[in-house]
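Enquirer: Quick mapping for you: the protein sequence lines, in order, are chains A and B. Those letters in the first sequence? Residues 1142 to 1263, per our numbering, in order. Those letters in the second sequence? Residues 1142 to 1263, per our numbering, in order. Note that the Cβ used here is the ideal one computed from N, Cα and C, for glycine as well. Note that the coordinates shown come from a computational prediction; the quantities given were computed from them, not determined experimentally. If you scroll down you'll find the structure; I have some questions about it.
Protein chains: 2
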Amino acid sequence: MKPTDSELEILQVLWQEGPCTVRQVNERLAQNKDVGYTTTLKLMQIMHEKGLLTRLEEARSHVYAANVSEEETQSTLLERFVDTAFRGSASKLVMHALGNHKATPAELDEIRKLLDQIEKQP
Amino acid sequence: MKPTDSELEILQVLWQEGPCTVRQVNERLAQNKDVGYTTTLKLMQIMHEKGLLTRLEEARSHVYAANVSEEETQSTLLERFVDTAFRGSASKLVMHALGNHKATPAELDEIRKLLDQIEKQP
DNA sequence: TTTTATCTACGAAATATTTCGTATAAAAAA
DNA sequence: TTTTTTATACGAAATATTTCGTAGATAAAA
C-alpha cells in the first residue's frame, strides 16, 4: 500500500506523536503549511477506509492511529524509489545519499558495522 | 524541477538510450506497460514545454533529448525522499537500503571507500 | 435553557496527472 | 498520381489527489 504525499505527512505525525485526534494532527500540519481542518479530516477518513489508520470512536472526537509501521512503509517506499529513480541500484542510491547529506561520525560508524555484518554472511 | 512518475520513466529511457524519437521512446515503454503512442507524445511535448527535454525539429520526426542529467535529478528526488519518508535522516535511509537490497562485494567496497573519504575530511 | 463551539460525514469543487481521439500535414508506398 | 502510413498538435476525457463548504449532531458555555 503506497501512501500519497499528503497521507505520508499524516502518518509521520502519528508515528511521532502516537494516537491523535484530527484536531491534533491538523494543528501539527498547520505548523508547516496552510491546511484547513476539514481537509485533514477528510484525508484521515479516507486513510481509515483504506486501512492505513485505525480509529477509536468512543469519544466524540475519534482517536486515530497508524495501522502501518514506519519501518515497513519506509521499505515499501524505498523499494519503489530505488527502482524508479536509481534503476534498481541500491548501492548507487547509498553513494548519492552519503555524498550529499552530512552524517555524524557515529552514524558513519553504524553504517560501517552494517557493512561488516553483510560481508560476513556467506 | 520535480518530474512526475511518468516523466521519470521517459527520462530513464532517454538517459539510457540517448536522444530518441517519440516512437522509439514509446516502443521502449510499451515493453513494460500498455501505453498509446499519443500518450507518450503528449507527455514529451509537455516535458519539452517545461524544459525537461530539448528537441530537434529538423526531421519530420522530432528528436528529443533529456535536458536534465540523471545525477542532478537523482539528487533532487533523493533530497525530497529523505525528507518525506525518512524525516531527513540520510543515514537511516542508507541502513534500510543496505539491509533490504543485495549489493555485490565490489559495491560494498566502494561504499566503504566513500566512508573513509568522508571521515578523513576535517 | 439558549447560544456557541466543535465534531463527523459527505458531496463536490479545485488541481494535478495521465490518457487518448481526431484533425491536419507530410512522406512513403502502391 | 492516388492511397496508405506516420508524424505533430491539441482539446478534452479519464483518473488521482487535495481542498473545502455545508448539514446535522452533540457537548460546552453563557
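Between which two residues does the alpha helix (DSSP H) containing L1219 of chain A stretch?
Expert: Taken as a continuous stretch (DSSP letters only), the alpha helix (DSSP H) holding L1219 of chain A covers E1211 to F1227.
Enquirer: Which runs of the alpha helix (DSSP H) at least 4 residues long sit entirely within the region 1174 to 1201 of chain A? Give them in chain order.
Expert: Listed in chain order, they are 1178 to 1191.
Enquirer: Start and end of the alpha helix (DSSP H) containing A1231 of chain A?
Expert: A1231 to N1241
Enquirer: Between A:Q1262, A:Y1178, A:A1200 and A:T1245, which has its C-alpha nearest Q1262 of chain B's C-alpha?
Expert: Minimum Cα-Cα distance from Q1262 of chain B among the listed residues A:Q1262, A:Y1178, A:A1200 and A:T1245 corresponds to A:T1245.
Enquirer: Counting contacts by CB-CB distance shorter than 8 Å, is A1207 of chain B in contact with chain A?
Expert: It does not: the Cβ of A1207 of chain B has no partner Cβ on chain A nearer than 8 Å.
Enquirer: Suppose contacts are defined by Cβ-Cβ distances below 8 Å. Is A1200 of chain A in contact with L1152 of chain A by that definition?
Expert: Result no, Cβ atoms of A1200 of chain A and L1152 of chain A do not sit closer than 8 Å.
Enquirer: Measuring only between beta-carbons, confirm whether D1146 of chain A sits less than 8 Å from chain B.
Expert: yes
Enquirer: Under a CB-based cut-off of 8 Å, is N1173 of chain A close to chain B?
Expert: no
Enquirer: Go ahead and pull the three-state DSSP assignment for A1171 of chain B.
Expert: helix
Enquirer: T1195 of chain A: which of A:V1163, A:D1250, A:Y1178 and A:D1175 sits nearest, CA to CA?
Expert: A:V1163
Enquirer: Please tell me whether V1154 of chain A has its Cβ less than 8 Å away from any Cβ of chain B.
Expert: Chain B, which has no Cβ nearer than 8 Å to the Cβ of V1154 of chain A, makes this no.
Enquirer: Exposed or buried, what is Q1172 of chain B when buried is set at 16 or more other beta-carbons lying within 10 Å of its beta-carbon?
Expert: exposed
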